[in-house]
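Some notes on the structure that comes next.
In the UniProt record's numbering, the protein residues as written are 1 to 698.
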């Protein structure tokens with residue numbers, strides 16, 4: 001088969017390819033084994049001869065990688081010559097040694113991306129759209145598109161290479177942190193390998209100045225290929241949204257590492273806006289660091305993790321029914337509203353479960369004696385924590401971040417890129433919630449009681465006040481003493497404070513509301529005129545020291561100074577990947593490694609099961625038959641009942657003098673109609689709560 005293309009002064013290279021394709025001559029689109037030769041008039045000096053010839057062999061660069069070649073020794077040869085009047089193209093040998101291509105899919109040239117498609121791919125990649133979804137979008141825009149997923153991956157890789165511009169990973173990261181005005185600090189070893197890395201987004205400063213009182217801190221794992229723990233610090237707004245304050249990758253979870261991170265965090269905050277409450281798990285190194293850096297802050301412990309620790313340690317000591325009773329009694333101890341109530345409920349716990357001394361010894365010596373002030377309601381109800389008694393907000397932030405990361409083998413610069421997009425969305429959500437509170441007022445706050453609060457106090461704060469106002473009648477009629485928990489924990493008026501205003505039908509004054517609930521805008525940093533003069537003095541001191549030092553020291557000082565103003569020139573090196581070196585691999589592990597491919601790294605970001613999850617799993621009923629294996633596994637009833645509020649010792653919540661006269665206590669279903677259900681159960685002889693619909697109309 002021979003085809004010739006007449007020379008044309010105006011014909012372009014792309015037009016030659018298009019005409020060739022339309023003529024069913026698949027010299028480069030269908031088979032890369034066909035050769036093309038282009039020449040340029042030497043007098044033009046624009047380009048040298050470019051020759052693509054078939055190769056019979058292609059050497060493998062990597063012995064472990066299976067490679068091949070598309071070259072099939074096809075004799076076809078197309079020659080293009082560029083002269084003064086344009087390109088001249090001629091076919092020197094129009095013979096092929098292969099049939100025409102059946103499908104264009106899988107061939108590199110017809111599957112190439114156009115400039116518009118490449119631009120769209122870059123935009124979608126920056127928006128963290130997955131490659132498969134990008135390919136689907138390309139196919140949807142152009143049904144005749146023959147691009148494959150490999151083209152998408154190659155284009156994404158090319159974009160990343162161009163973006164880095166030859167810089168190392170750490171140089172690219174530092175340049176990005178500076179470009180987007182992040183606060184960042186780092187530490188390294190003698191070989192300049194990163195050991196600790198801290199960064200905080202620019203919006204964190206504004207949010208911290210507005211909402212500094214309560215912070216939650218927690219470490220997560222499986223986020224990076226270096227296996228560094230990630231300490232994530234979050235705060236909470238007046239609209240009860242979580243915002244990220246800072247991130248820190250630390251080499252190990254030691255007090256010294258935590259202290260370094262908290263000192264950098266403290267450097268971001270003003271002296272009058274330091275945190276008052278910090279919620280953590282029982283991580284002793286972190287707790288000691290908090291005492292050192294924030295000595296005036298109250299360190300509360302996460303109730304959720306404490307309950308799971310108790311479950312993991314004590315559950316196996318009881319049968320199902322007894323465990324439910326013990327769990328309920330323990331929950332009542334934790335929720336005690338006063339010291340007197342705490343002592344009474346603890347006495348009941350010891351009395352009812354004296355046959356289980358190991359469990360009692362565990363909860364008392366490991367939790368109550370050393371830490372009761374950090375999680376029991378009798379003490380935490382005197383601390384202004386705005387309802388944050390667990391580290392669940394930090395856990396939710398972990399989950400959101402890991403959802404963006406998708407796998408656990410990211411580099412620092414990849415992690416930052418995905419964090420940055422997440423933080424941008426979060427900042428938008430926070431600002432939108434603040435603006436909505438300024439411009440929209442729900443109908444339930446139209447009463448005169450909220451006249452001075454509307455548009456000034458967040459809806460979440462007014463919701464707490466509304467709930468307290470509904471208790472006024474009950475407190476007045478029953479002459480019940482108000483515990484003032486809302487005043488202490490949220491900085492909002494409790495029922496006895498609201499009573500006189502509600503009785504007289506007059507508005508609540510703004511003075512009763514804590515400033516936290518009135519922050520409906522972020523607080524930008526103020527310009528410090530004296531800071532510029534201080535910097536000039538520091539520069540002069542640096543220069544005076546520089547000129548007085550020896551040449552070797554001068555070069556070192558200049559290098560450090562240059563890194564500070566040009567972070568993309570940093571000599572920092574990414575840390576070495578940690579490997580498991582503890583003990584010799586057993587025969588069983590060796591066999592498993594052979595089957596599983598020992599070089600393969602687990603990419604999942606899912607955390608390892610906690611101890612309480614292992615305990616629950618060990619109590620699952622074993623499936624003995626093959627039929628049972630195929631059936632849908634049953635849920636563990638323990639996992640559900642352990643989290644329920646049980647009724648076993650509700651009688652202990654009543655005053656002791658009237659307990660002998662109480663025959664039974666019934667806990668009705670809590671579905672929004674619990675009041676009607678309680679009346680129905682009281683009126684029916686069989687305590688049937690399901691007739692509540694007959695009570696409600698009346």
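Built from N, CA and C at the ideal position, the CB exists for glycine as well.
When the Cα atoms are used, what is the spatial distance from residue 94 to residue 165?
Distance between the alpha carbons of residue 94 and residue 165: 42 Å.
For the beta strand (DSSP E) holding residue 718, just list the boundary residues, first then last.
Outside the shown range of the chain (1 to 698) lies residue 718, about which nothing can therefore be said.
Would you kindly work out how many angstroms separate the C-alpha atoms of residue 706 and residue 157, rounded to a whole number?
Only positions 1 to 698 of the chain appear in the structure, and residue 706 is not among them; the question remains open.
For residue 669, I'd like the list of residues in its chain whose CB is within less than 8 Å of its CB, leaving aside the five on either flank, ordered along the chain.
Cβ neighbours of residue 669 beyond the five flanking positions: 677, 689.
Would you be able to state if there are at least three C-beta pairs under 8 Å between the segment 532-546 and the segment 138-158?
no
Going by the DSSP bridge assignment, what does residue 232 pair with across the sheet?
218, 247
Tell me which same chain residues have a C-beta within less than 7 Å of the C-beta of residue 683, skipping the five on either side of it?
none
Helix or strand or just coil, what does DSSP make of residue 682?
helix
Quick check: the segment 106-125 against the segment 145-157, are there 3 or more CB pairs under 8 Å?
Three or more beta-carbon pairs drawn from the segment 106-125 and the segment 145-157 are found closer than 8 Å, and the two stretches are therefore classed as touching.
Tell me the DSSP secondary structure of residue 627 in three-state form.
Only weak support is given to the placement of residue 627: the predicted model assigns it a pLDDT of 40, under 50, and the value that follows is read from those uncertain coordinates. Three-state DSSP puts residue 627 in a helix.
To the nearest angstrom, how far is the alpha carbon of residue 173 from that of residue 457?
40 Å
Quick test of your reading: residue 554 and residue 193, contact by CB under 8 Å. State the CB separation rounded to the nearest angstrom.
25 Å between Cβ atoms; not a contact.
Just how far apart, CA to CA, sit residue 421 and residue 250?
The straight-line gap separating the alpha-carbon atoms of residue 421 and residue 250 is approximately 22 Å.
Helix, strand or coil for residue 191 per DSSP?
The DSSP-derived three-state label of residue 191 is coil.
Relative to the C-alpha of residue 299, which residue among 388, 177, 345 is closest?
Measuring from the Cα of residue 299, the nearest candidate turns out to be 388.
If distances are taken between C-alpha atoms only, which option among 257, 338, 308 comes closest to residue 327?
308
Closest to residue 410 by C-alpha separation, out of 113, 106, 225, 211, would be which residue?
225
Looking at the unbroken alpha helix (DSSP H) that takes in residue 463, where does it start and where does it end?
Unbroken alpha helix (DSSP H) run through residue 463: 459-469.
So the candidates are 221, 368, 494; which of them puts its Cα closest to the Cα of residue 303?
Measuring from the Cα of residue 303, the nearest candidate turns out to be 368.
Suppose you measure from the CA of residue 215 to the CA of residue 275; what does that come to, to the nearest Å?
7 Å
Using 8 Å as the Cβ pair cut-off and three pairs as the minimum, do the segment 63-82 and the segment 119-138 touch?
Taking one beta carbon from each stretch, the segment 63-82 and the segment 119-138 have fewer than 3 pairs nearer than 8 Å; the two do not touch.
Taking the beta strand (DSSP E) that residue 278 belongs to, which residues open and close that run?
277-280
Under 8 Å between the Cβ atoms of residue 377 and residue 310?
In this structure, residue 310 does not lie closer than 8 Å to residue 377 by Cβ.
I'd like the ranges of any beta strand (DSSP E) spanning at least 3 consecutive residues and lying wholly in the segment 392-417.
none
Measuring CB to CB, does residue 517 end up less than 8 Å from residue 492?
yes
Near residue 571, which residues of its chain fall below 6 Å by C-beta distance, leaving aside the five closest residues on each side in sequence?
192
Ignore the nearest five residues each way along the sequence and tell me which others in residue 405's own chain have a CB closer than 7 Å to its CB.
If the five residues before and after residue 405 are omitted, its C-beta is found closer than 7 Å to the C-beta atoms of 223, 415, 418, 605, all from its own chain and listed in chain order.
Output yes or no for whether 8 Å exceeds the beta carbon distance between residue 363 and residue 330.
Cβ distance < 8 Å, so residue 363 and residue 330 count as in contact.
Could you please give the first and the last residue of the uninterrupted beta strand (DSSP E) stretch that includes residue 87?
86-93
What are the boundary residues of the alpha helix (DSSP H) that residue 299 is part of?
It is not in any alpha helix (DSSP H) - residue 299 instead sits in the beta strand (DSSP E) that spans 298-301.
Reducing DSSP to helix, strand and coil, say where residue 381 ends up.
coil
Given this structure, state the Cα-to-Cα distance separating residue 439 from residue 559, to the nearest angstrom.
Those two C-alpha atoms are separated by around 53 Å.
Thinking C-alpha only, which one of 437, 476, 449 is nearest residue 521?
437
Output the distance between the C-alpha atoms of residue 266 and residue 260, rounded to the nearest integer angstrom.
10 Å
May I ask which residues mark the beginning and end of the alpha helix (DSSP H) holding residue 578?
From DSSP, residue 578 is part of no alpha helix (DSSP H); its letter is neither H nor E.
Tell me which same chain residues have a C-beta within less than 7 Å of the C-beta of residue 601, skipping the five on either side of it?
Because residue 601 carries a pLDDT of 49, less than 50, the predicted location of this residue cannot be relied on, and no value is offered for it.
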